[in-house]
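Numbering (this note's numbering), first residue to last: 12 to 270.
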Amino acid sequence: MIGVIDEIKRRLMEAFPPEQAEVLTDAIRLAFDQLVKASDFAELKAIVAELAKRMDELAEAQKQTENRLNELAERFIELTKRVDELTEAQKETERQLRELARRTDDLAEAQRRTEEELRKLIQEHRETRRQLGGLAITVGYTLENEAFKALPKLLERDFGIKIKGRLKRAYIKDKEGKPIEVNIIGKGVKDGRELTILGEGKAQLSKRDVDRFLRRKVDRLKDVLGELFLVLVTHMTSDPEVEDYVREKGIALYFSYDF
């Protein structure tokens, strides 16, 4: 009997902590002590064998539990590592977002400054255009003033037109009664026919200027002024083809050096 108890205790010590093994051994010993009949020894032996088998199964289950716990511990460590990595990645993302926000603010400020500079440039451009426009008008008026003096002789020499009175600037109403500023206008006679001299001066004459003169001045006044003689004066043309283009339109052309 004692040998059986010792074997049970040994196996219990392998599977459980010492204190638990002692408690279980005492319980088994008490159970053995309560056995009265020797005839029950065979049955007790079978019970002990079954109990030993159960102990082995418990020991194996304990090992499996420990293995599972070890696996869980390893997975927990890995999970903790991943969490740390995610936390660090989150910190980096937040840092990048802060940097992006800062750069966005910088870009917004740069955009504001650019818009302000652009606004100033637009204002300066408008002022420059205004000044250039004023200068062009001044140059044009100066050119026309010279033309008023020179054209009577040139027109009589080149076209046999004798100017009556003087050439001037004036506002003439079109057939709808709307006033049109005319830069060069006057009366002339050719072969006994009375003509209206109609023209303007451009510092640099282009095809576009020619078309604009015909559209804005000639077309609107041809039914009001009678027979027209058209003339343009300029310092120079914008390209070599302009001179031929003017003459194709039936317009007399004079340069400032002709004066």
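Even glycine gets a Cβ: it sits at the ideal position worked out from N, Cα and C.
Residue i - DSSP class collapsed to helix/strand/coil
i	result
Phe27	coil
Ile58	helix
Pro190	strand
Gly14	helix
Integer Cβ distance of residue i from residue j, believed to fall under 8 Å
i	j	result
Gly212	Glu155	4 Å
Val229	Leu209	7 Å
For residue j and residue i, the rounded distance between their alpha carbons
i	j	result
Ile16	Glu33	11 Å
Asn194	Glu252	24 Å
Arg231	Lys186	7 Å
Glu30	Glu85	29 Å
Thr248	Leu162	19 Å
Pro190	Lys179	16 Å
Ile196	Ser217	21 Å
Leu41	Asn78	34 Å
Leu206	Arg130	51 Å
Gly188	Lys160	30 Å
Glu259	Thr125	49 Å
Gln76	Phe87	Before going on, a small fix: residue 76 reads as Thr here, not Gln. Each residue's Cα considered, the two are about 16 Å apart.
Gly122	Ser267	Looking at the sequence shown, residue 122 is not Gly but Gln. Answer to the nearest angstrom: the Cα atoms are 49 Å apart.
Asp255	Gly176	31 Å
Cβ neighbour criterion (16 or more within 10 Å) applied to residue i
i	result
Ser50	In this prediction, Ser50 scores a pLDDT of 49, lower than 50, which makes its location untrustworthy; the coordinate-derived value is nonetheless stated afterwards. It counts as exposed.
Tyr182	exposed
Val221	buried
Gly237	exposed
Phe224	buried
Val94	exposed
Residue i: first and last residue of the uninterrupted beta strand (DSSP E) it sits in
i	result
Phe240	239-248
Glu183	A quick correction: the sequence has Ile, not Glu, at residue 183. Taken as a continuous stretch (DSSP letters only), the beta strand (DSSP E) holding Ile183 covers 173-184.
Tyr265	263-266
Endpoints, alpha helix (DSSP H) assigned at residue i
i	result
Lys233	230-236
Lys218	218-224
Tyr256	253-259
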